[in-house]
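*Asks:* Structure provided below as structure tokens; questions to follow.
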Amino acid sequence: MAQSDVDVVVVGAGFAGMYLLHELRKTGFSYRVLEAGDDVGGTWYWNRYPGARCDVSTTDYQYTWDPELHEQWQWSEKHAAQPEILRYAQFVAKKHDLYSDIEFKVRVNGAQWNEKTKRWSIHTSTGEKISCQHYVMATGCLSVPKEPDIAGTEKFTGNVYVTGRWPHEGVDFTGKRVAVIGTGSSGIQSIPHIADQAKELVVFQRTPNFSMPAFNGPAPQYRVERLKADRATYEREARYSGTGVPMEDSTVSALSVTQEEAFAMLEAAWQKGELLSLGNTFMDSAINRKANDVVAEFMRMKVRSVVKDPEVAELLSPYKHGYGTKRPCMDTGYFETFNKPHVRLVDLNAQPIRSITETGIDFGNESKDFDAIVYATGFDAMTGAIVNVDIAGKDGVTLKDKWENGPLTYLGLTSVGFPNLYMITGPGSPSVLSNMMVSIEQHVDWIRDTLVHMRDNGFETIEPTPLAEEGWRVHCTDCADITIFQEANSWYMGANVPGKPRVMFPYIGGVGRYRMACEEVVAKGYLGFELASGAKKQCNDGLVREVQPDVDMVLDFISTLNLPAMETMSPAEARAFSEASSAMRPSGPEVGEITDGVLQGADGNLEYRLYRPATPGPHPIAVYFHGGGWVFGSHTSDDPLCRDLCAQSNTLIVSVNYRHAPEAPFPAAAEDGFAALKWVHKNAAALGGIPEKIAVAGWSAGGNVAAVTAQMARDKGGPQLSGQLLLCPVTDGSQQHASHRENGERFILTKSLMEWFWDHYATPEQRKNPQASPLLAASLAELPPTMLVTCQFDPLRDEGNAYARALMQAGVEVEHVEARGHIHTSITMVDMLPSGAPHRREMAQALKGFFN
Ligand code: N01
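Terminal number for the sequence shown in my numbering: 1192, no gaps in between.
Structure representation (structure tokens):
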């Protein structure tokens, strides 16, 4: 007789449930494992349609927790077919005697949290109520087939099949007239097999999909060899990789090579026959639509090379979504199938289905009879299996209600209001964007370790805090926002199920980065969780990820370079270093014209670079001052930002090479700033600008020069400014603000580097002068309208914020943007950090606004 009161209830006996069962047994918990099917295998139990295969190589799609399996189980192919994967699951279940502890044909109908007893009550389809402390949903992400939302489905009297619920005995289509609706992975894999048997096959396609041949055969030799040589390193690489399969991250932009070169690189990846290699050819295909178009065009070229009828080839070629933004597929002979005389493609956009009828399908202005209809129409992905169970947490609130506008989880594992509930590969974790085996094992390990931790430390409950959950939602959104995934109507976005909220369901920040976040949470005493038992509580509340994801990646990359700190260099070395770094960045957008010239500074000539918009002039002018701590940088050093401002704001930018410290210390930069403004104003018409429409702009120390120049223009009788644009400006060298300490170490501009800059530029006494520290000016009244951007993780944040506040108090019109998750340098990194783009747009808008 099974216990009705256990430590843990696990729902699902796919690869996740099986491994968790093994671990619970090993760590001595009592448990019940419930499975709706009558065997193990989960997705590979249900999806038995012909041609079903895994498109991750068998070298990677297998358990790692039992090393003996690598000797005891030999895969026959690179991409294992469903029957073999199911046999593998059965083999593992037998080997570890898992069958004896799994209850098959049992569904969970409901689960309620009891706040008094601190336990879950699980209601099963057999009428049983099981009480448990912990409740784990190992129900899979693609386990609930979506209802086919097509009129008349109930009318058809012929045979109906759903790819995700395929008959165990198989189906013989020989001599039959068959319709397949849907061309996702399941359709694309099954269609060639159905075509082999059917007398006539009509494929109803709403959206063509990207697919590459599986080139099935033996497992990739180079992976086999690496595994043989050092399995531990290989597995570790997989766990910290982007997708859960070891792979070198591309450092090549698809836009930095010719189309010929790009296609040659894609061809090499194609020939490898690895889906993830193809998507990984370029560093920017997921974040830049133009880069993605290069891959998409390559894929369309491949379709054209196979499909003989050019019209059919065109219909099979995706144009409306980017490569990878809907799950790309792997096939065996899919496109070739459409060369067969008995196979027809119907484009549902031109000929929509009017209704399924008793005998067939009415579409466009045709009616066609079929013996069988196959629905390959997909799943209610990621949340379907979770919200279809009536799960009521604290105060009776159901997960379905809580997730009405999109799933809210902490780490994709847990959710506020649902203590001791865990989801394996849930929404908000890499899940379906990863090699599922790696993600499953990680979640099982995390849950096991958490349960053991709670038991060892006498905690009864664990629940995320609202702050942590909201922070994770924001982080997941930040990750998705820098990609082009949200443009597509994919099931990743919930777009395939009518009424489902449109959000990015999986975490797109990468498997390794996700794992590091989970590890950090634990290392920081379960950061963002409350652990409790009666009056005993432990809560280290906080956010595990706050820096913008692309900025974080750059910081991590830089930390691997072990670069010397700039403040340990001489000014000459620092200048050379800064120039070498600048040479490696993307150039920024095209502008109408770039010319270099010389202008009159306070003490001799200064170089300048002029960026002219492509539109007919004359244009408003922004006199721009570069960053570099008054010590390095030049009129060309902020080139990408100046181009971006010029192109987006339709403003003529004159970037000035003011004199640098220590050769020309305070007040040289300030005096040059003012002199340059006067010169540009005087020569505005000759430069193609409008003298009455002139603003100053600058970043960092250049922001300081711009702010001081604006004050000098006010105090010295003009020129009259239309505005000042200050990005992360230095405004106060007289004191240490809190952000100097808080953000003083990890974020490129460090506290000690800032001190080094000041030491070269101005003495402590000079720093009290408003021409060094504009915040200290006696009055800020009557300064021009201001756009001031400060960054959350900038040491200069607080002095920038103080300047914005002081300007407002003085009655100046101020737009103050506090850039969340950004660092001192990130907004200037044009075409490198997409998260900075919205702020650059805001700055350009502000510039435009100054002149209107
Ligand atoms: O489902 P899908 P799937 N009328 O949602 C169309 C995994 N998987 O079962 O794109 C007409 O991708 C729909 O059209 P549209 C893998 O992660 C893995 O194929 O919405 N058509 C689409 O063409 C995969 O992504 C493997 O416009 C309708 C298709 O049906 C995921 O499972 C193998 C329609 C559904 O495609 C799901 O794949 C198989 C309607 N009313 C699956 N409704 C491997 O590892 C939907 N469609 C190899």
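Using N, Cα and C, we set each Cβ at its ideal position, and we do this for glycine too.
Just so it is clear, the structure is predicted and the values come from calculations on it, not from any experiment.
#1: Cα separation between residue 1012 and residue 639?
#2: Hey, could you find the ends of the beta strand (DSSP E) residue 731 is sitting in?
#3: Could you have a look at residue 992 and say whether DSSP puts it in helix, strand or coil?
#4: So, for residue 643: in the same chain, excluding its five sequence neighbours on each side, which residues have a beta-carbon less than 7 Å away from its beta-carbon?
#5: With H, G and I counted as helix, E and B as strand and the rest as coil, what does DSSP make of residue 859?
#6: Using 9 Å as the threshold, is the C-beta distance between residue 671 and residue 537 below it?
#7: Compute the Euclidean distance between the alpha carbons of residue 548 and residue 685, then round it to the nearest angstrom.
#8: Taking the straight line between their C-alpha atoms, what separation do you get for residue 1104 and residue 1038?
#9: If we count Cβ pairs, one from each stretch, closer than 8 Å, do we get three or more for the segment 567–583 versus the segment 688–703?
#10: Out of 385, 936, 1156 and 1125, state which residue places its alpha-carbon closest to the alpha-carbon of residue 1139.
#11: Here's a check: name, in chain order, each residue in its chain whose Cβ is nearer than 8 Å to the Cβ of residue 898, leaving out the five neighbours to either side.
#12: Relative to the alpha-carbon of residue 579, which residue among 1025, 858 and 969 has its alpha-carbon at the smallest distance?
#13: Between residue 1041 and residue 970, which are expected to be in contact by the criterion C-beta below 8 Å, what is the C-beta distance as a whole number of angstroms?
#14: Sort 669, 491, 677 and 519 by Cα distance to residue 502 and report the nearest one.
#15: Given a threshold of 16 other Cβ atoms within 10 Å of its Cβ, counted over all protein chains shown, does residue 768 qualify as buried or as exposed?
#16: Where does the unbroken alpha helix (DSSP H) through residue 667 begin, and where does it stop?
#17: Tell whether a beta-carbon distance below 9 Å holds between residue 450 and residue 735.
#18: Our contact map puts residue 695 next to residue 491 with C-beta atoms below 8 Å; I'd like the distance itself, whole angstroms only.
#19: Determine, using beta carbons only, whether residue 902 and residue 1006 come nearer to each other than 9 Å.
#20: Report the CB separation of residue 1179 from residue 911 in whole angstroms; it is logged as a contact under 8 Å.
#21: Which residues mark the beginning and the end of the alpha helix (DSSP H) in which residue 562 is found?
#22: Given residue 666, which residues of its chain have a CB within under 6 Å of its CB, disregarding the five upstream and five downstream residues?
#23: Please output, in chain order, the residues near ligand 1 using a CB cut-off of less than 5 Å to any non-hydrogen atom of the ligand.
#24: In chain order, which continuous runs of the beta strand (DSSP E) of length 3 or greater are located wholly inside the segment 497–521?
#25: Pull up the CB-CB distance for residue 603 and residue 960, whole angstroms please, since I reckon it's below 8 Å.
#26: In whole angstroms, give me the CA-to-CA distance for residue 849 and residue 820.
#27: Under three-state DSSP, which class holds residue 1166?
#28: In its own chain, which residues sit with a C-beta less than 6 Å from the C-beta of residue 803, not counting the 5 before and 5 after it?
#29: Taking just the CA atoms, how far does residue 913 sit from residue 888?
#30: State the beta-bridge partners of residue 762 as determined by DSSP.
#31: Whose CA, out of 1175, 511 and 1092, lies closest to the CA of residue 628?
#32: On the three-state DSSP scale, how would you describe residue 449?
#33: Of all Cβ atoms in chain D, is any one closer than 9 Å to the Cβ of residue 865?
#34: State yes or no: is the C-beta of residue 551 within less than 9 Å of the C-beta of residue 668?
#35: With DSSP as the reference, label residue 661 as helix, strand or coil.
#36: Is residue 544 helix, strand or coil when you go by DSSP?
*Replies:* If we stick to the structure as given:
#1: Locating residue 1012 in the sequence shown gives position 672, where the first residue counts as 1. Locating residue 639 in the sequence shown gives position 299, where the first residue counts as 1. If you take the alpha carbons of residue 1012 and residue 639, they lie about 55 Å apart.
#2: If you number the sequence shown from 1, residue 731 lands on position 391. 730–732 is the span of the beta strand (DSSP E), which, as asked, contains residue 731.
#3: For the purposes of this step, residue 992 is identified with residue 652 of the sequence shown, where counting begins at 1. Here residue 992 sits in strand by DSSP.
#4: As a position in the sequence shown, residue 643 is number 303, starting the count at 1. Around residue 643: 653, 656, 657 and 675.
#5: Translated into positions along the sequence shown, residue 859 becomes position 519. The answer is helix: DSSP assigns residue 859 an H, G or I state.
#6: Residue mapping note: residue 671 aligns to position 331 of the sequence shown, counting from 1. Residue mapping note: residue 537 aligns to position 197 of the sequence shown, counting from 1. Between residue 671 and residue 537, the gap from beta carbon to beta carbon reaches 9 Å or more.
#7: Within the sequence shown, residue 548 is the residue found at index 208, counting from 1. Within the sequence shown, residue 685 is the residue found at index 345, counting from 1. Roughly 11 Å separates the two Cα atoms.
#8: On the sequence shown, residue 1104 is found 764 positions in, with the first residue counted as 1. On the sequence shown, residue 1038 is found 698 positions in, with the first residue counted as 1. Approximately 23 Å, taken between the alpha carbons.
#9: no
#10: Residue mapping note: residue 1139 aligns to position 799 of the sequence shown, counting from 1. Measuring from the Cα of residue 1139, the nearest candidate turns out to be 1156.
#11: For this step, residue 898 is matched to residue 558 along the sequence shown. Hits under 8 Å: 1088.
#12: Taking the sequence shown and counting its residues from 1, the one referred to as residue 579 is at position 239. Among 1025, 858 and 969, the Cα nearest to that of residue 579 belongs to 858.
#13: Counting from one through the sequence shown, the residue named residue 1041 turns up at place 701. Counting from one through the sequence shown, the residue named residue 970 turns up at place 630. Yes, residue 1041 and residue 970 are in contact; Cβ-Cβ is about 5 Å, under 8 Å.
#14: Here residue 502 corresponds to residue number 162 of the sequence shown, with the count starting at 1. Per the Cα distances, 519.
#15: As a first step, residue 768 must be located in the sequence shown, where it is residue number 428. Label assigned to residue 768: buried.
#16: In the sequence shown, residue 667 corresponds to position 327, counting from 1. Counting along the chain, residue 667 falls outside any alpha helix (DSSP H), and DSSP gives it neither H nor E.
#17: Taking the sequence shown and counting its residues from 1, one reaches residue 450 at position 110. Taking the sequence shown and counting its residues from 1, one reaches residue 735 at position 395. Not closer than 9 Å, so no.
#18: Position 355 of the sequence shown, counted from the start, is the residue given in the question as residue 695. Position 151 of the sequence shown, counted from the start, is the residue given in the question as residue 491. About 5 Å separates the two Cβ atoms, so the contact holds.
#19: Counting from one through the sequence shown, the residue named residue 902 turns up at place 562. Counting from one through the sequence shown, the residue named residue 1006 turns up at place 666. Taking 9 Å as the Cβ cut-off, residue 902 and residue 1006 do not qualify as a contacting pair.
#20: In the sequence shown, counting from the first residue as 1, residue 1179 sits at position 839. In the sequence shown, counting from the first residue as 1, residue 911 sits at position 571. Between residue 911 and residue 1179 the Cβ distance is about 30 Å, and since that is not below 8 Å, they are no contact.
#21: Working through the sequence shown from its first residue, we reach residue 562 at position 222. Its alpha helix (DSSP H) spans residues 561–579.
#22: Within the sequence shown, the letter at position 326 stands for residue 666. Taken in chain order, the residues that qualify are 828 and 830.
#23: Those residues that bring their Cβ nearer than 5 Å to a heavy atom of ligand 1 are 394, 395, 482, 489, 490, 522, 523, 524, 525, 526, 546, 547, 667, 717, 718, 831 and 836.
#24: 499–502 and 517–521
#25: To locate residue 603, count along the sequence shown from 1; it is residue 263. To locate residue 960, count along the sequence shown from 1; it is residue 620. Not really, about 43 Å apart at Cβ, beyond 8 Å.
#26: Against the sequence shown, residue 849 aligns to sequence position 509. Against the sequence shown, residue 820 aligns to sequence position 480. Between the alpha carbons of residue 849 and residue 820 lies a distance of about 8 Å.
#27: Here residue 1166 refers to the residue found at position 826 when the sequence shown is read from its first residue. Helix at residue 1166.
#28: The residue given as residue 803 occupies position 463 in the sequence shown. 759 and 870.
#29: Within the sequence shown, numbered from 1, the residue matching residue 888 stands at position 548. Within the sequence shown, numbered from 1, the residue matching residue 913 stands at position 573. Cα-Cα distance, rounded: 30 Å.
#30: The count along the sequence shown starts at 1 and reaches residue 762 at position 422. BP columns for residue 762 point to 476.
#31: Position 288 of the sequence shown, counting from 1, holds the residue named residue 628. Checking every option, the nearest Cα to that of residue 628 belongs to 1175.
#32: Translated into positions along the sequence shown, residue 449 becomes position 109. Three-state result, residue 449: strand.
#33: Note that chain D does not occur in the displayed structure, where there is just one protein chain.
#34: Position 211 of the sequence shown, counted from the start, is the residue given in the question as residue 551. Position 328 of the sequence shown, counted from the start, is the residue given in the question as residue 668. Yes, they are a contact pair.
#35: Start at 1 with the first residue of the sequence shown, and residue 661 comes out as number 321. For residue 661, the three-state secondary structure derived from DSSP is coil.
#36: Working through the sequence shown from its first residue, we reach residue 544 at position 204. It is a strand residue.
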